[in-house]
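Participant: Quick one: this structure, given as structure tokens, is what I'll be asking you about.
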């Protein structure tokens, strides 16, 4: 019969800090290799420091090897024969099985560590992408602040236009009151003109009547004179004297009536001219006020249209700004939630990585213990 003999060559006696790439898996069942990684400034694995994602970079490795080879059969004094050799063989097979199971566990831990490393790199990339979103959010927030400032300016302009509209409405009300007063004055003056016209017509008819009055008594008056024929009284002279007196009285009455009529007509004409002048002035004033009222109405319509447009624009801009602000707040809240979730996942991954690293250290210690026992077994086969 033949048996297997093992020769073990070990590299470093102490293990420094390590990472997820600190184990190289065996490629066949007859040769096993373990990679011992180290870098400057670390301490031994018995006093482990802190672990971080940056411990994956800048590593240097040296590879001590455990060589398992087939040798010639031993003599009866060696491992091959006797009860002691059979016990040693069973012991070596047990250790070999433990070592193979440890290597399988190390392989699984290495795969899990690679998966965690991939997740970590992916999370780092996502954080970088989210860091590129922050300047865009800041720029968009700046644009929204500028739009809010513009809305503030529009609001000030809108308040000025509202105050101007109020002043214009008050002026329009005052002009309307003045126009009403002028219309009332015009109606009163027109009534006065009508009354003066009636009075002038009455005076004209009165003057015509007065004019016709003096001649009628003279022409229709018959004078009865009693004459005493017995006496010579000079009736012809008396008659002539009476006629002269009557004619003189008639002439005086006619002249007085004509003078009074002319005076009344002159005063009526002057009053009529003054009334016509006032009516013309009032007509011009009313026309001017009507033009002012029309222009005030047109300006009021323009101001109302401008105010309506400004209100609509302000409401639309405010709604857009509020909508964008709500979207940004929602996106920011979602970003915070995602960041918190990623931090929790990162913490969980770091905890898993720490546990795996501790397991790797434990298995490494077990392997070192087994490796340290193998030379003793070779030297002391019994």
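Numbering (the UniProt record's numbering), first residue to last: 1 to 382.
Even glycine gets a Cβ: it sits at the ideal position worked out from N, Cα and C.
Computed from a prediction, not measured in an experiment: that's the story for all the values here.
Alpha carbon to alpha carbon, how far is residue 109 from residue 318?
Facilitator: Cα to Cα, residue 109 sits roughly 58 angstroms from residue 318.
Participant: When you compare the stretch 244–261 with the stretch 141–160, are there three or more beta-carbon pairs, one atom per stretch, that lie closer than 8 angstroms?
Facilitator: Output reads no: the stretch 141–160 does not touch the stretch 244–261.
Participant: Near residue 217, what residues of its chain come up, given a Cβ to Cβ distance below 6 angstroms and the 5 sequence neighbours on each side ignored?
Facilitator: Here the model assigns residue 217 a pLDDT of 45, short of 50, so the residue's position is not dependable, and the following value carries that caveat. Closer than 6 angstroms at the Cβ level, and outside the excluded window around residue 217, lies no residue.
Participant: Beta-carbon within less than 7 angstroms of residue 196's beta-carbon, same chain only, minus the 5 sequence neighbours each way: which residues are those?
Facilitator: So the qualifying residues of the chain are 268, 271, 272, 275.
Participant: Considering only the alpha carbon of each residue, which of 345, 355, 363, 364 lies closest to residue 124?
Facilitator: Cα-wise, what sits closest to residue 124 is 345.
Participant: Report buried or exposed for residue 364, applying the criterion of at least 16 other Cβ atoms within 10 angstroms of its Cβ.
Facilitator: With 16 or more Cβ atoms within 10 Å of its Cβ, residue 364 is classed as buried.
Participant: Using a threshold of 8 angstroms, state whether the C-beta atoms of residue 349 and residue 120 are closer than that.
Facilitator: Cβ distance < 8 angstroms, so residue 349 and residue 120 count as in contact.
Participant: May I have the straight-line CA-CA distance separating residue 221 from residue 246, to the nearest angstrom?
Facilitator: Residue placement at residue 221 cannot be trusted, given a pLDDT of 47 that sits under 50; what the coordinates show is reported in the next sentence. For residue 221 and residue 246, the distance between alpha carbons rounds to 10 angstroms.
Participant: Measure the Cβ-Cβ separation of residue 307 and residue 155 and say whether it is below 8 angstroms.
Facilitator: Taking 8 angstroms as the Cβ cut-off, residue 307 and residue 155 do not qualify as a contacting pair.
Participant: Given residue 336, which residues of its chain have a CB within under 8 angstroms of its CB, disregarding the five upstream and five downstream residues?
Facilitator: None.
Participant: Work out the CA separation of residue 316 and residue 387 for me, nearest whole Å.
Facilitator: Only positions 1 to 382 of the chain appear in the structure, and residue 387 is not among them; the question remains open.
Participant: Rounded to whole angstroms, how far is the Cβ of residue 410 from the Cβ of residue 370, which I believe are closer than 8 angstroms?
Facilitator: Lying before the first or after the last residue shown, residue 410 is absent from the chain, which here runs from 1 to 382.
Participant: Out of 111, 149, 97, 114, which has the shortest C-alpha to C-alpha gap to residue 321?
Facilitator: Checked all of 111, 149, 97, 114; the closest Cα to residue 321 is 149.
Participant: Under 8 angstroms: do the stretch 287–299 and the stretch 157–164 share three or more Cβ pairs, one atom per stretch?
Facilitator: No, the stretch 287–299 is not in contact with the stretch 157–164.
Participant: Can you give the beta carbon distance from residue 367 to residue 101, rounded, assuming they're within the 8 angstroms contact cut?
Facilitator: Not quite, the Cβ-Cβ distance comes to about 11 angstroms (not below 8 angstroms), so this is no contact.
Participant: For residue 138, which residues of its own chain have a beta-carbon under 7 angstroms away from its beta-carbon, when the five flanking residues on both sides are left out?
Facilitator: If we look at residue 138 and ignore the five residues flanking it on each side, it has no Cβ neighbours.
Participant: Where in the stretch 230–318 do unbroken runs of the beta strand (DSSP E), each at least 3 residues long, occur, reported from the N-terminal end onward?
Facilitator: Those beta strand (DSSP E) runs which fall completely within the stretch 230–318 and span 3+ residues do not exist here.
Participant: Report all residues from its chain with a CB closer than 8 angstroms to the CB of residue 282; omit the five preceding and five following residues, and keep chain order.
Facilitator: The answer, listed in chain order, is 182, 185, 186, 189.
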